[in-house]
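Below you'll find the structure, written out as structure tokens, and then a few comments.
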Amino acid sequence: RSTDGQLNVRLEASPVSVPLGGLQASILGYNGGVPGPTLRVRGGDTLQIELVNNLGVPTNLHVHGLHVSPQGNGDNVFVMVPPGQSFSYEHRLPADHPSGTYWYHPHHHGMVADQVSAGLFGAIIVEEEDAPAVSRERILVVSDITLDGSGALAEATPMDRMLGREGRLVLVNGHSNPELSARPGERERWRIVNTCVARYLRLRLDGQQWELLGIDLARFPTPQTVDEVLLAPGNRADVLVTATAGVSALRTSYYNRGSMAGMMGRAARGPDGTGDLVLATFSVSGTPATAPPASPPMPARPAPEDLRNAVVAARRQLTLATGTGMGMGMGMMSFTINGRTFDPDRTDTVVAAGTVEEWTLLNPSPMDHPFHLHVWPMQVVEEAGTAPDSATWRDVVNIPANGQVKVRISFTGFTGRSVYHCHILDHEDQGMMGVIDVR
Ligand code: C2O
Ligand code: CU
Ligand code: CU
């Protein structure tokens, strides 16, 4: 990032060969590695990305969660970059863009799950004006992948596509169980990105003190002391860790995200049958360090406007449903929002620019669906029947099986066409996506 507020990057999407799980794996990556480079920007910056497609199939690039214009080349669902070609994206962040951890990934409809699970993803950090003082910051990009015996990507099965594929290898920054080391007393900031196609992360870091600063974007008014953090596919956690001597495992435990009625149960359990997996090992030893003085807790500046007392211009319901119709073949299912599958030429939701809406997101299906809206952040106003006691924003909101969540959205800043969809990318690829037009 240069001082004039411009970040120019070239991202080359290509086949890569990396050692993984005892094999030489043939996967995909940006600029020769997995994950792709971390992009750091600030409100007011322009992010210029030259995407080069060396994949042999179409792709494109989406900046997940960024509050940037969907016009022109901005909304990446509608842009296709053919094999062998490149494409230049320009994203101008408004000066008051919410700080937080975001990410980028391909969004070419029908191929998203395949390309993301193969290794195409990277983190984007929007820095805040008042970052908490820490000894070190780590970005932990979590992904999962399944390889066949020769190190090639395993083909997803019809069952994988229905339930959402969960890879057998779970990686942090492209490695299985990396060791992170620190000295006692050090304070670290961890930004954890769940890039998995369908795997939920239920994270614990036993033996350490960790506090949740926020999820996705912005921060809570005060850090929250937590035992466990749940990240649906696409979510990110911003965590403060105060290192205590000893060896701790960052683990994810089994999360029951439901299944399809009449189908075999989930296979989302670890090799020990409990569903517990170690993502990384945190080793704290050596001479105690003096951590930088703690900054007074306060919400990050800038943060989006709290919508709990806003005037609501329209209320809508969006129903995320799965179906097995009569006449649909074995292994055939429908994934719909308000009864329809994605059609890029149809507009499903028209919103008046500048207004605040309240959306009730309903999930009558027997499995969870993480709902994602591009461009405009969602403020959760009712979850599990209760209102959160502080302002809580997300760009991916999990809608539990047979459950509902209410969100409010301020459609400010931009006009144009964009999308909302289930972030189980297999469901998205099968059409659980709708088009929104803000005008
Ligand atoms: Cu992370 Cu429309 O996606
Ligand atoms: Cu997105
Ligand atoms: Cu889904």
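Numbering (the UniProt record's numbering), first residue to last: 50 to 488.
The beta-carbon is built from N, C-alpha and C at its ideal position, and this holds for glycine as well.
### Message
Closer than 7 Å to a non-hydrogen atom of ligand 3 - does that hold for the CB of M309?
### Response
no
### Message
Buried or exposed for T435, going by 16 or more other Cβ atoms inside 10 Å?
### Response
exposed
### Message
Taking the alpha helix (DSSP H) that D475 belongs to, which residues open and close that run?
### Response
For D475, the enclosing alpha helix (DSSP H) starts and ends at L474 to D478.
### Query
Taking the DSSP output, what are the residues bridged to C471?
F420
### Test item: CB-CB of V468 and G452 under 8 Å
Cβ distance not < 8 Å, so V468 and G452 don't count as in contact.
### Start and end residues, alpha helix (DSSP H) containing V333
Not the alpha helix (DSSP H): V333 falls in the beta strand (DSSP E), residues L326 to V333.
### 8 Å Cβ cutoff met for V101 and P132
no
### Query
At which residue ranges does the segment 385-430 contain complete alpha helix (DSSP H) runs of 4 or more residues, listed in the order of the chain?
none
#### Entry: Residues near A317 in its chain [Cβ-Cβ closer than 8 Å; skip 5 each side]
Low local confidence applies: a pLDDT of 46 at A317 is under 50, so the model's placement there is unreliable, with the coordinate-based value given in what follows. The answer, listed in chain order, is E215, R248, Y303, Y304, R306 and G324.
### Message
Strictly by DSSP, which residues pair up with M482?
### Response
H470
### Query
CA-CA distance, N226 and A201?
N226 and A201 have their alpha carbons spaced roughly 21 Å apart.
### Task
Would you identify the three-state DSSP class for L212, choosing helix, strand or coil?
helix
### Message
Taking 8 Å as the threshold (C-beta atoms), are W425 and F460 in contact?
### Response
yes
### Task
With a 10 Å radius around its C-beta and 16 neighbouring C-beta atoms as the bar for buried, classify N358 as buried or exposed.
exposed
### Query
In chain order, what residues of the same chain have a beta carbon less than 7 Å from the beta carbon of E432, not counting five sequence neighbours either side?
V454
### Bounding residues of the beta strand (DSSP E) (the contiguous stretch that carries A172)
G171 to V175
### Query
Would you say residue 19 and R210 are within 8 Å of each other, going by their C-beta atoms?
As shown, the chain starts at 50 and ends at 488. That puts residue 19 outside it, with no answer to give.
### Query
Using DSSP with H/G/I as helix, E/B as strand and the rest coil, what is G54?
coil
### Task
Flag this pair as touching only if the segment 162-172 and the segment 115-129 have three or more C-beta atom pairs under 8 Å; answer yes or no.
no
### Nearest-angstrom Cα separation, counted from T274 out to E176
23 Å
### Query
According to the Cβ coordinates, are A298 and E237 closer than 8 Å?
no
#### Entry: Chain-order list of residues whose beta-carbon lies under 8 Å from that of V400 (same chain, five-residue window excluded)
A363, E406, F460, I485, D486, V487 and R488
### Query
Helix, strand or coil for S439 per DSSP?
coil
### Query
How should H472 be labelled, buried or exposed, when 16 other C-beta atoms within 10 angstroms of its C-beta is the threshold for buried?
The Cβ neighbour count for H472, taken over all protein chains shown within 10 Å, is at least 16; the residue is labelled buried.
### Query
What is the DSSP secondary structure of N358, counted as helix, strand or coil?
coil
### Query
Under 8 Å between the Cβ atoms of L115 and A329?
No, the Cβ-Cβ distance between L115 and A329 is not below 8 Å.
### Message
Just to confirm before moving on: does the CB-CB distance between L96 and L56 stay below 8 Å?
### Response
yes
### Query
Bridge partners of N103, per DSSP?
BP columns for N103 are empty, so no partner.
#### Entry: Beta-carbon proximity of F391 to G480, cut-off 8 Å
For F391 and G480, yes; Cβs fall inside 8 Å.
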